[in-house]
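Report on the following structure.
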Amino acid sequence: MEITYNLKPDSERRIEQFKPDGDVGFGKLRTDHMFLMDYRDGEWQDPRIVPYAPFEMAPGAMSLHYGQSIFEGAKAYMHDDGEIYTFRLDKNAERMNRSAEIVCIPYLDEQVQLDAINALIDVDRLWFPMQQGACMYIRPFIFATEDRLSVSPSNQYTFCVMISPSGAYYAAGVNNAIRLLISKKFHRAVSGGTGASKAAGNYAASLRAGKAAAEYGAAQVLYLDSTNTQIEEVGAMNHFHVLKDGTIIIPEFTDTILQSITSKSIMELSEILGCEIRQETVMLDQFIADIQSGEIVEAGGFGTAAVVSPVGSYIFEDNTVVTVGDGKVGKHIQRIYQVYTDIQNGKMAGPEGWVKKV
Ligand code: PLP
Ligand code: COI
50 MEITYNLKPD SERRIEQFKP DGDVGFGKLR TDHMFLMDYR DGEWQDPRIV
100 PYAPFEMAPG AMSLHYGQSI FEGAKAYMHD DGEIYTFRLD KNAERMNRSA
150 EIVCIPYLDE QVQLDAINAL IDVDRLWFPM QQGACMYIRP FIFATEDRLS
200 VSPSNQYTFC VMISPSGAYY AAGVNNAIRL LISKKFHRAV SGGTGASKAA
250 GNYAASLRAG KAAAEYGAAQ VLYLDSTNTQ IEEVGAMNHF HVLKDGTIII
300 PEFTDTILQS ITSKSIMELS EILGCEIRQE TVMLDQFIAD IQSGEIVEAG
350 GFGTAAVVSP VGSYIFEDNT VVTVGDGKVG KHIQRIYQVY TDIQNGKMAG
400 PEGWVKKV
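Going by our numbering, the first residue of the sequence shown is number 50, and it counts up by one from there.
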């Protein structure tokens with residue numbers, strides 16, 4: 050792919066103001082550039098890196114009205130050799146196309162997506178944060194741009210990549226367990242819907258539930274299936290629990306659950322972690338009974354932004370609280386987090402091809 054570069058002159062770059070050792074937060078900072086590519090006349094065209102700036106878009110752009118918009122979330126890490134490495138980016142590119150299929154967005158070649166991200170990170174590599182545990186969060190997304198008001202797939206789209214120097218998503222990080230609201234009122238997805246995609250509308254639909262969670266002192270909602278009997282996932286991460294023999298259980302992927310790359314990666318690490326990891330249908334009643342009997346000793350969430358987030362307790366809408374173990378971060382989760390982040394940070398060798406130099 051021939052990328053056109055229209056870079057900011059050095060005098061206009063904001064990198065001078067960037068303090069790589071400061072507390073960067075999650076997703077707040079923008080680098081100097083972004084990658085753009087358009088779909089029109091039946092093909093993806095005009096790949097370019099340009100200054101990070103607002104888009105010009107018709108008020109009738111279809112993504113604004115009917116939500117035809119999808120995104121991905123990935124990370125790159127700086128290793129001790131001073132080089133930047135992306136983590137399993139090929140999996141994000143594949144999933145972008147699965148999301149695209151679900152909301153009728155045209156296929157975008159996976160190598161094109163990878164080349165775009167690598168080129169952008171390379172241009173803005175000085176923006177890499179240096180604080181402990183920080184990384185470059187990568188946000189590729191595609192949205193419909195055709196100016197038309199009938200409800201049907203758009204004929205025009207933009208693919209954009211922006212990157213953001215970032216730290217932990219949940220301020221609590223891995224050292225503090227969060228509380229989740231188990232809701233019987235709010236649902237994230239139904240079978241036959243868009244739950245298995247990273248469609249923007251799934252996240253809009255989670256906001257009201259997120260507000261309710263905050264009212265219960267919870268960080269997020271743990272969603273159940275539409276019959277309120279099975280555990281599905283959290284708004285921005287898959288859910289998991291750990292049995293007292295160390296076995297890790299992740300709810301089976303259905304068409305209402307996003308197939309997390311973190312979950313899949315952890316499953317591939319079962320030998321290194323030295324425990325069995327399996328997916329199964331998780332019934333809510335059994336889950337609660339197993340926490341109360343001590344059969345379940347730890348629980349948490351897996352996700353790119355969230356990494357491995359421990360859950361210390363659950364609250365129901367009737368204010369019943371169920372505490373997992375002693376409510377603190379357990380030894381299994383600490384170990385999963387350590388092994389996983391050591392692989393991402395290049396401190397430990399992971400499976401072939403997981404980390405790739407930019
Ligand atoms: N589930 C949902 C709904 C998400 O938004 C995310 C985040 O991307 C995940 C799970 C975790 O997926 P991954 O590990 O690929 O980031
Ligand atoms: C990610 O984990 O990368 C996500 O996309 C979650 C996001 C909604 C913050």
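Glycine included, C-beta positions come from ideal geometry on N, C-alpha and C.
Other residues of its chain near residue i: CB distance less than 6 Å, five sequence neighbours each side excluded
i, result
"K68", "none"
"R62", "D81"
"I191", "I119, I154, Y206, F208"
"A193", "M111, S112, Q117, S203, Y206"
"S312", "N287, I299, F351"
"N167", "V407"
Beta-carbon proximity list for residue i, same chain, < 8 Å, skipping 5 on both sides
i, result
"V239", "S275, T305"
"K382", "Correcting the residue type first, residue 382 is Ile in the shown sequence and not Lys. V223, V291, E347, G349, V357, P359, listed in sequence order."
"T243", "I151, V152, G250, N251"
"G395", "Y126, H128, D129, D130, Y134, V404"
"V388", "L318, I321, L322, M397"
"G284", "R237, Y252, S255, A258, G259, Q269, V270, Y272"
"T53", "D95, P96, R97, I98"
"F336", "I280, H290, I345"
"V200", "Y115"
"Y386", "V223, V356, V357"
Outcome for residue i when other beta-carbon atoms lying within 10 angstroms are tallied against a minimum of 16
i, result
"E132", "exposed"
"A253", "exposed"
"E51", "exposed"
"E282", "buried"
"K247", "buried"
"Q393", "buried"
"E195", "buried"
"H288", "buried"
"F136", "buried"
"V370", "exposed"
"Q162", "buried"
"S218", "Correcting the residue identity first, residue 218 is Tyr in this sequence and not Ser. Classification for Y218: buried."
Own chain partners of residue i with C-beta closer than 7 Å, once the 5 adjacent residues on each side are dropped
i, result
"Y265", "L230, I364"
"V73", "P178, Q180, A183, P214, S215, G216"
"R147", "S246"
"D158", "none"
"P400", "E317"
"I64", "D81, L175, W176"
For residue j and residue i, the rounded distance between their alpha carbons
i, j, result
"N225", "S362", "11 Å"
"D87", "Q341", "53 Å"
"A391", "G109", "The sequence shown places Asp at residue 391, rather than the Ala named in the question. Approximately 46 Å, taken between the alpha carbons."
"W176", "P189", "17 Å"
"V407", "K234", "45 Å"
"V172", "M211", "12 Å"
"I83", "A355", "For the sequence presented, residue 83 should be read as Met rather than Ile. Each residue's Cα considered, the two are about 24 Å apart."
"V373", "K380", "13 Å"
"N141", "L198", "31 Å"
"P107", "L169", "Pro is not the amino acid found at residue 107; the sequence shown has Ala there. In a straight line, the C-alpha of A107 is about 26 Å away from that of L169."
"A262", "A149", "30 Å"
"A165", "E121", "13 Å"
"G295", "E325", "7 Å"
"M185", "I227", "24 Å"
"R41", "Q160", "Nothing can be reported for residue 41: it is not among the residues displayed for the chain, which extend from 50 to 407."
"D339", "D375", "14 Å"
"F302", "E92", "32 Å"
Which of helix, strand or coil DSSP assigns to residue i
i, result
"L169", "helix"
"E105", "coil"
"S314", "helix"
"I337", "helix"
"M179", "coil"
"H128", "coil"
"I52", "coil"
"K77", "coil"
"G259", "helix"
"H114", "helix"
"D196", "strand"
"K406", "strand"
"H236", "coil"
"L307", "coil"
"D87", "strand"
Within-8 Å CB hit, residue i to chain D
i, result
"I345", "No chain D is part of this structure, which consists of one protein chain only."
Exercise for review: May I have all residues whose beta carbon comes closer than 5 Å to any heavy atom of the ligand COI, sorted in chain order?
Suggested key: G122, A285, G352, T353, A354
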